[in-house]
Amino acid sequence: MIICSVSLAVVFLIIFIVSAKSGQFEDDESHAVRILLEDKNIEKQDKEDKTEDKE
């Protein structure tokens, strides 16, 4: 039973290392946060466009 659990843990460790090296965990922002940031960027662009129109 111990051999089975240790070998399973080693398999999961290998899978984790391979996925980490392939860039699986490189995304720092989730989709929910990305949506909020996009809204802020759009608002900033709208404000910049309005100030350019006034000039």
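Residue 1113 is where the sequence shown starts when you use the working numbering, and the numbers rise one by one after that.
In this text, a Cβ means the ideal position worked out from N, Cα and C, and glycines have one as well.
Everything numeric in this text was worked out from a predicted model, so none of it was measured.
By how many angstroms is the C-alpha of residue j removed from the C-alpha of residue i?
| i | j | result |
| --- | --- | --- |
| V1123 | I1114 | 14 angstroms |
| C1116 | V1130 | 21 angstroms |
| A1132 | I1126 | 10 angstroms |
| F1128 | V1145 | 25 angstroms |
Once you ignore the five residues that flank residue i on each side, which residues in its own chain have a CB closer than 6 angstroms to its CB?
| i | result |
| --- | --- |
| L1148 | none |
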